[in-house]
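A short worksheet on the structure shown next.
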Amino acid sequence: MVRRLRCPSAAVLGCGVDERPLQVGEDPNQQGQYEEDSQRDLRELVDVIHANSLIGVSLSSFDGTDWVLRSLFSKLGGRAVTGRIWLDVIVSLAAAVLLSWLALVIALAIRRPKGNLMKESLRLLPDLLRLLRRLTTNRDLPTGSASESPCCSSTWLCRSI
Amino acid sequence: MPIDLIPDFIPILGYADDAIVVVLVLRSVCRRVSMEELREAWPGSDDGFAALCQLVRPAAVARARH
C-alpha cells in the first residue's frame, strides 16, 4: 500500500531551482526557454513525491532532468558525496538518522534504563525509523502552520549533513 | 546556502554542529504533536520513550518529576 506524504511539495516548491547550467556549445541567449522546462520538472517532481512515501522510490521514478534535483539538493544544504544525486540524498538521510540515534542513545545512557542498556540502544534505531514514518505519513495528526507538516521538517533532516 | 558553524575538516568538533541541527529538527518534528500522540506513535519501550522525551521535551520531563 502506498501511503502519501502529507505535504512534501511545500518544501520542494519553496526552494525553487537555480538556472540551468549551460551545456558546451550552447547559446547563452537561449537560456530563457529552459525556464519552462525547469518549472515542468519541478511540478513533476512534486507529483512523484506525492505518489510515493519513500524518498528513494520517489527519486528513482522521477523522469525529469538531473540538474533540477541537484540544484534542490544543494539549496537544502546537501553535499555531493557519491556523484549520484539520489544516492547523495539517501546517504544524507541515513547520516541524519544515525546522528539522531546516537543522540537518543546518549539520552538513554544518561537516564540509566531499567533494562539492559545495550539491548535498549539497539531497539532504539528501528523504533526511531517507525516513529518518523508514523509522524510523517499519518494524516490524522494536526498540521503545524509554519512548515505545514512534520514531513517538511524531516526532509530538512538532510539539511546540515 | 546554509552556514557551517564549524568547518567539517576539524576532527570531532566539526561534526558537532551538524549533530545539533539534526537534533533540533528531530525536536521540531516531535513537538508538532502532543505528548499523548507522541507516546502513541512511539513503537518502543518505556525506557526508549523516556530517552526520546529527554531529547525532545526536556521541560515536560522536568515538570513531571516535580
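Top to bottom, those sequences are chains A and B. For the first sequence, our numbering gives the first residue as 268, with consecutive numbering after it. For the second sequence, our numbering gives the first residue as 57, with consecutive numbering after it. Yeah, the Cβ is synthetic: ideal placement off N, Cα and C, and Gly gets one too.
Distance, residue j Cα to residue i Cα
| i | j | result |
| --- | --- | --- |
| V89/B | R119/B | 18 Å |
| R121/B | I373/A | 20 Å |
| R379/A | D308/A | 50 Å |
| S320/A | A362/A | For S320/A, the pLDDT reaches just 49, beneath the cut-off of 50, and the residue's location in the model is therefore unreliable, although a value from the coordinates is still provided. The alpha-carbon atoms of S320/A and A362/A are separated by roughly 19 Å. |
| A376/A | A106/B | 11 Å |
| G100/B | Q306/A | 43 Å |
| V78/B | R87/B | 14 Å |
| L384/A | V364/A | 20 Å |
| A116/B | L80/B | 16 Å |
| L111/B | R83/B | 7 Å |
| G382/A | E311/A | 48 Å |
| W423/A | P114/B | Since pLDDT at W423/A reaches only 47, below the 50 mark, its modelled position is unreliable, and the value read off the structure follows with that caveat. Near 22 Å, if we compare the C-alpha coordinates of P114/B and W423/A. |
Three-way DSSP call (helix, strand, coil) for residue i in this model
| i | result |
| --- | --- |
| P380/A | coil |
| W368/A | helix |
| G104/B | helix |
| R119/B | helix |
| W98/B | coil |
| R88/B | coil |
| R351/A | coil |
| R113/B | coil |
| S320/A | In this predicted model, S320/A has a pLDDT of only 49, less than 50, meaning its place in the structure is not dependable enough to derive any value. |
| C274/A | In this predicted model, C274/A has a pLDDT of only 39, less than 50, meaning its place in the structure is not dependable; the value taken from the coordinates is given anyway. Reduced to three states, the DSSP call for C274/A is coil. |
Whole-angstrom C-beta distance between residue j and residue i, which should lie under 8 Å
| i | j | result |
| --- | --- | --- |
| L434/A | L371/A | Residue 434/A lies beyond the residue range present for chain A, which begins at 268 and ends at 428; the question has no answer from this structure. |
| A75/B | L398/A | 19 Å between Cβ atoms; not a contact. |
Checklist entry - What residues from the region 366-377 of chain A come within 9 Å of chain B, judged by C-beta to C-beta, listed N to C? => result For the region 366-377 of chain A, which is checked against every Cβ of chain B, the residues closer than 9 Å are L366, S367, L369, A370, L371, V372, I373, A374, L375, A376, I377.
Checklist entry - With contact counted as at least three CB pairs below 8 Å, one residue from each stretch, are the region 91-99 of chain B and the region 353-368 of chain A in contact? => result The region 91-99 of chain B is not in contact with the region 353-368 of chain A.
Item to check | Within 7 Å of chain A by C-beta, residues of the region 88-116 of chain B in sequence order | outcome: Against chain A - using a Cβ distance shorter than 7 Å - the residues of the region 88-116 of chain B are R88, V89, E93, A97, W98, P99, G100, S101, D103, G104, A106, A107, L108, Q110, L111.
Next on the checklist: Residues of the region 353-364 of chain A in Cβ contact with chain B at a cutoff of 9 Å, in chain order, please.
Outcome noted: Residues A362, A363, V364.
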